[in-house]
Amino acid sequence: MTAAGCPLLLCLLLIICHAADAELTHLHFYFHEIDAGTPNATVVNIASLHRNSSTFGDVNVFDNALREGSDPASRLIGRAQGLAVHASLDESGGLTAINFVFSDYGAYSGSTLATLGHISASGPSERSIVGGTGELRFARGYMSSRLLSSTDTSIVVVFDMYFTLNY
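Read left to right, the sequence shown gives residues -22 to -1, 1 to 145 (mature numbering (1 follows the signal peptide of the UniProt record, and there is no 0)).
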């Protein structure tokens, strides 16, 4: 190997070793959404084509409670603020961009996680964690979510987030 190639190889090995040392963090909480048209709604449809019965093209914005448990009276730990776009012609899912804003979540209070990805209408979903702020700065990973319960006016979704902080 040439002398010029050695520093490049050394840098690559250092990056790989640092990534291997990164600790995986797991967060678990519940998202509580109250439908538009009901008192204290946390989601609203802001754009709708409704040329037929399809929801394709609809855009919703939300500011949902994040809670420690599935009970609506459980401790509030933050808010999920974002948008959902019905971006699937067959209505099997859509695109979400969500900022998880933690207000009372231990060491993560005052921090955020930014996520982006496809949400499935028919089952569990997995989306990317693309960044964060505060104690969660440089977060990278994924989150999984699944519908836990649903009524005519509300839904509860359970979230599990797995990420590393690569400083």
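All residues carry an ideal CB built from backbone N, CA and C; glycine is no exception.
Nearest-angstrom Cβ-Cβ length linking residue i and residue j, presumed shorter than 8 Å
| i | j | result |
| --- | --- | --- |
| I97 | G56 | I97 to G56, Cβ: 19 Å. No contact. |
| Y120 | R105 | 7 Å |
| T111 | S89 | 6 Å |
| S103 | S132 | About 19 Å separates the two Cβ atoms, so there is no contact after all. |
| S66 | S100 | Not really, about 11 Å apart at Cβ, beyond 8 Å. |
CA nearest to the CA of residue i, picked from the options
| i | options | result |
| --- | --- | --- |
| E11 | L5, G60, H4, F116 | G60 |
| residue 149 | G101, I24, A92, D68 | This structure does not reach residue 149, given that the chain is present from -22 up to 145, and the question cannot be answered. |
| L54 | F78, G15, S32, L94 | F78 |
Close-in-space but distant-in-sequence residues of the same chain around residue i (CB under 7 Å, 5 per side omitted)
| i | result |
| --- | --- |
| residue 166 | Since the displayed the chain opens at -22 and closes at 145, residue 166 lies outside it and no answer follows. |
| S26 | D36 |
| F141 | T3, I107, A117, R118, G119 |
| A14 | V21, V22, N23 |
| I(-7) | The predicted position of I(-7) is uncertain, since its pLDDT is 46 and thus under 50; no value can be drawn from it. |
Run of the beta strand (DSSP E) containing residue i, from where it starts to where it stops
| i | result |
| --- | --- |
| Y140 | 132 to 143 |
| R118 | 117 to 128 |
| A92 | 90 to 98 |
| I58 | Per the sequence shown, residue 58 should be read as Ala rather than Ile. Segment 54 to 63, the beta strand (DSSP E) holding A58. |
| A75 | 71 to 80 |
| E11 | 3 to 12 |
| D36 | Element bounds for D36: n/a, residue is neither H nor E. |
Own chain residues within Cβ distance below 8 Å of residue i, not counting five before or after
| i | result |
| --- | --- |
| Y8 | L44, R45, E46, G47, S48, S52, L126, V134, V135, V136, F137 |
Cβ-based neighbour list, residue i, same chain, cut-off 6 Å, excluding 5 preceding and 5 following
| i | result |
| --- | --- |
| A62 | N38, G72, T74 |
CB contact below 7 Å: residue i versus chain B
| i | result |
| --- | --- |
| T20 | Judged by its chain identifiers, the structure shown contains no chain B, having just a single protein chain. |
Any non-hydrogen atom of the ligand MN within 6 Å of residue i CB
| i | result |
| --- | --- |
| S106 | As far as ligands go, the structure on display features none, and thus does not contain the ligand MN. |
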